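Working notes, structure below.
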Amino acid sequence: MRKLALAIAVIAPMLGHAAWAEDTIKIGYIDPLSGGGASVGEGGLKTFQYLADELNAKGGILGHKVEIVPLDNKTNPQESLVQAQKAIDAGVRYITQGNGSSVAAALSDFITKNNTRNPGKEVLYFNYAAVDPSLTNEKCSYWHFRWDASSDIKMEALTNYMKDTASIKKVYLINQDYSFGQSVRTDARKMLGAKRPDIQIVGDELHPLLKVTDFSPYIAKIKASGADSVVTGNWGQDFALLLKAAADAGLKVNWYTYYAGGAGGPTAIKQTGLDHQVFQITEGFANSGNQTAMDYEKAFRAKVNLSLWYPRAVNEMRMFKAAAEKANSIDPVKVAAALEDLKFEVLDGGTGFMRKDDHQFFQPIYISSFGKLAANDPFDEENTGWGWHGVSKVDTAQAMVSTSCKMTRP
Amino acid sequence: MLELVVISTLNGVLFGMLLFLLSSGLTVIFSMMGVLNFAHASFYMLGAFFGFQLTKWIGFWPALVLAPLLVGAIGMAVERYGLRNTHKHGHVAELLLTFGLAFAIEEIVSMIWGKSPLDYRVPALLDFPAFTIFSTNYPAYKIFMLAVSIVIFVALLVVLKRTRVGLIVQAALTHPHMVGHLGHNVGRVFMAVFGVGSALAGLAGVIAGPALVTQSDMAASLGPILFVVIVFGGLGSLPGAFVASLVIGLVQTFAVALDGSLASAFGPLDPSAGPSVLADIWNVTIAQVAPIVPYMLLVLILIVRPMGLMGTRES
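Chains A and B, in that order, give the protein sequences. Using the working numbering, you'd call the opening residue of the first sequence number 1 and step up by one each time. Using the working numbering, you'd call the opening residue of the second sequence number 1 and step up by one each time.
Shown next, in the form of structure tokens:
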């Protein structure tokens with residue numbers, strides 16, 4: 001009798017295990033988990049782990065369990081390739097990364113080469129946040145899919161909004177000195193020049209990526225320039241510290257940003273006391289008014305204790321599942337084919353699609369401002385009592401840009 | 001223009017004083033013991049994290065006293081049980097010990113407090129603009145930082161140059177055996193010096209934590225510039241470190257304020273040449289290279305005056 005009990009005790013967990021299909025789908029999450037980008041990277045990791053748990057609770061993808069493998073790249077392209085190779089050697093066939101377009105360019109190139117050299121062992125690269133336009137233009141790859149709107153799409157929408165704000169006269173550009181920051185400044189110059197030639201660009205600054213600890217000298221320069229608005233693509237501590245220095249110096253300008261909502265950003269904005277003068281452009285935000293998204297936000301916050309900063313990660317994982325089911329396979333080659341031109345209902349409402357030509361996902365885009373909560377805005381950020389309020393929405397059709405991508409198809 | 005000059009000068013002095021606060025402990029340890037402490041920035045980080053934790057429990061002001069004492073105690077333990085044993089194997093062994101210690105401290109800190117920046121706030125008492133120039137506010141907290149730096153500079157100078165304690169400490173460096181024969185416990189003197197140096201780093205951490213970012217990579221991001229300060233000022237010279245901190249603070253701040261590039265001085269390159277490495281160098285502004293200016297200064301001073309601004313020793 002005891003032997004039987006023992007046998008059951010040993011076998012039962014195995015049976016439970018066997019409920020999952022043979023292979024676990026391992027997704028290599030390559031992002032900064034230490035250094036200046038760590039706060040952003042850790043938030044992303046928690047988001048993806050939440051999404052994996054959610055998929056697994058509903059039976060995974062085609063019966064396969066989804067597992068997120070965290071890999072620390074210290075926001076360094078070289079380190080990312082080491083981590084990617086490590087992941088591939090450990091059987092990872094899907095890689096997701098977001099922070100740093102310099103990293104993304106290196107990864108995309110690495111994975112493309114890997115797939116040419118190792119037929120039958122292809123790897124897909126899901127990019128959830130690196131927005132340098134070149135990744136879906138001159139440097140595009142068949143194996144790379146991007147869920148975030150590229151920098152030029154965001155700038156198109158942002159400048160459309162700025163165009164109608166008559167009070168903007170003098171604009172200051174401050175960005176991180178790498179491919180993404182440079183694309184923000186060139187796009188801003190080009191698009192503002194075309195849409196509002198009367199706006200004067202009074203400053204155009206590039207500073208080192210995630211290295212500056214005190215932005216006071218930069219704030220002094222912005223102040224001296226007489227700018228009324230600042231456009232910045234800064235993210236992570238580069239945004240939080242920039243605003244912290246602005247708060248200390250008492251700089252009063254309007255901020256047009258890509259990533260004001262990232263970790264530390266809301267706290268710093270609250271310190272500046274700029275009520276609804278800081279704008280951000282995203283594919284979704286907590287107070288979007290879409291009931292499904294807001295319920296999701298509530299559940300997410302309750303479990304992860306963070307705001308859902310990556311609605312695009314939700315879209316990415318759900319679309320991955322949809323594509324695998326469409327292809328009836330978890331083979332990366334078949335999933336890639338199924339993803340092309342796949343239409344998808346995004347988290348914050350509306351339909352998006354993964355364009356076949358360049359593997360860029362197109363979706364509705366929102367501009368929101370940060371300040372005191374309105375009556376129908378339930379969510380604040382970082383316990384500041386302030387939250388995001390929608391000011392403008394751009395539909396998928398208006399958020400499209402052309403591409404110069406000529407990708408090599410397998 | 002005047003506005004930018006005045007404000008940049010102020011910002012430069014404030015940043016320079018913070019650098020001095022950080023490098024004073026390092027230079028004290030070096031001048032008294034001849035140990036180049038690679039873990040110094042890590043003690044600074046410990047100070048910031050202890051400061052954060054104690055502020056949460058008992059408030060900022062008690063933390064300002066307690067955290068440096070704690071860091072000082074850890075420093076003394078490191079001297080007593082680590083450096084003293086490696087001392088007989090020469091400076092390289094000591095250097096390696098502090099080098100390893102820096103990594104260990106970083107890992108331990110990120111294990112306990114995580115890798116994200118902490119919400120370490122300026123105390124409410126100092127959270128107001130001290131004065132306003134050209135409609136730019138200067139937070140009282142930064143003025144507080146400045147005052148603490150100057151007090152420490154004066155106090156250290158007086159203690160080392162004008163008191164018996166300073167005399168014994170200086171003598172113990174060059175003639176340890178003689179000092180020992182005169183009845184002083186040389187080991188304890190060294191332990192105290194290392195403790196004080198670490199406590200100074202800890203104090204800098206408690207104060208700089210709310211002004212900059214408190215996170216586990218703060219040691220790595222400020223460590224290199226400290227060495228620039230003490231090498232530039234002259235290894236082991238306290239007034240040298242003071243002047244060097246100011247110079248580097250000002251140079252870095254003004255470099256950010258300048259937009260000049262080779263292109264603006266000599267006109268743009270022929271666009272037909274297309275994008276190239278040369279075009280990148282041609283168009284880069286001084287502001288963009290501001291963060292590396294201190295390191296260029298370091299190289300320059302090592303070529304022109306290897307002992308540093310006010311250093312005395314050649315090595």
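C-beta atoms are modelled at their ideal positions from N, C-alpha and C, and glycine is treated no differently. None of the values given here were measured: they were computed from a predicted structure.
As far as DSSP is concerned, Leu226 of chain B takes part in no beta bridge.
Interface annotation, Pro208 of chain A: in contact with chain B, CB-CB separation under 7 Å. By DSSP's assignment, Pro70 of chain A forms a beta bridge with A:Tyr29. Listed in chain order, the non-local C-beta contacts of Val230 of chain A below 8 Å within the same chain comprise Val171, Tyr172, Leu173, Ile174, Ile222, Val253, Asn254, Trp255, Tyr256, local neighbours out to five positions each way being set aside.
In the DSSP annotation of this structure, the continuous segment of the alpha helix (DSSP H) that includes Asn160 of chain A starts and ends at 151 to 163. For Asp377 of chain A, DSSP assigns no beta-bridge partner whatsoever. Using a C-beta cut-off of 8 Å, the stretch 378 to 392 of chain A makes contact with the stretch 277 to 292 of chain A, since at least three inter-stretch Cβ pairs fall below that distance. In summary, Trp57 of chain B is exposed, with fewer than 16 beta-carbon neighbours lying within 10 Å of its beta-carbon over all protein chains present. With respect to chain A, the C-beta atom of Asn283 of chain B has no partner C-beta closer than 7 Å. Pairing Ala219 of chain B with Met45 of chain B gives a Cβ-Cβ distance under 7 Å. Close to chain A, meaning a Cβ-Cβ distance shorter than 7 Å, are the following residues of the stretch 10 to 28 of chain B: Asn11, Phe15.
The three-state secondary structure of Trp235 of chain A, taken from DSSP, is coil. Excluding residues up to 5 positions away in sequence, Met162, Arg196, Ile199, Asp228, Ser229, Asn254 lie with their Cβ nearer than 8 Å to the Cβ of Ile168 of chain A in the same chain. A direct Cα-Cα distance of roughly 15 Å separates Val179 of chain B from Ala192 of chain B. Ser108 of chain A is positioned such that its CB atom lies closer than 7 Å to that of Ser141 of chain A. In the DSSP assignment, His207 of chain A forms a beta bridge with A:Gln176. Neighbours of Asp148 of chain A in chain B, taken as residues whose beta carbon is under 8 Å from its own, are absent, since the nearest beta carbon is some 22 Å off.
Under the Cβ criterion of 7 Å, Gln170 of chain B is not counted among the residues facing chain A. For Ala204 of chain B, the CB contacts under 6 Å within the same chain, skipping 5 residues up- and downstream, are Leu21, Leu22, Tyr44 in chain order. Residue state for Met307 of chain B is assigned as coil, using DSSP reduced to three classes. Less than 7 Å divides the Cβ of Ala130 of chain A from the Cβ of Ala104 of chain A. Rounded to whole angstroms, Tyr295 of chain B and Val196 of chain B show a C-alpha spacing of 28 Å.
With a cutoff of 7 Å on beta-carbon distance, Ala249 of chain A and Asn137 of chain B are scored as near each other. In the three-state reduction of the DSSP assignment, Asn283 of chain B falls in the helix class. Val335 of chain A and Arg146 of chain A have their C-alpha atoms spaced approximately 14 Å apart.
In this model, His175 of chain B and Thr214 of chain B are separated by some 41 Å (Cα to Cα). Scanning the stretch 35 to 94 of chain A for uninterrupted beta strand (DSSP E) segments of 3 residues or longer gives 66 to 72, listed from N- to C-terminal end. Contact of Lys223 of chain A with chain B is assigned, a C-beta pair being separated by under 7 Å. Pairing Pro332 of chain A with Gly350 of chain A gives a Cβ-Cβ distance that is not under 7 Å. Look at His276 of chain A here: in three-state DSSP terms it is coil, with no helix or strand label. Look at Ser116 of chain B here: in three-state DSSP terms it is coil, with no helix or strand label.
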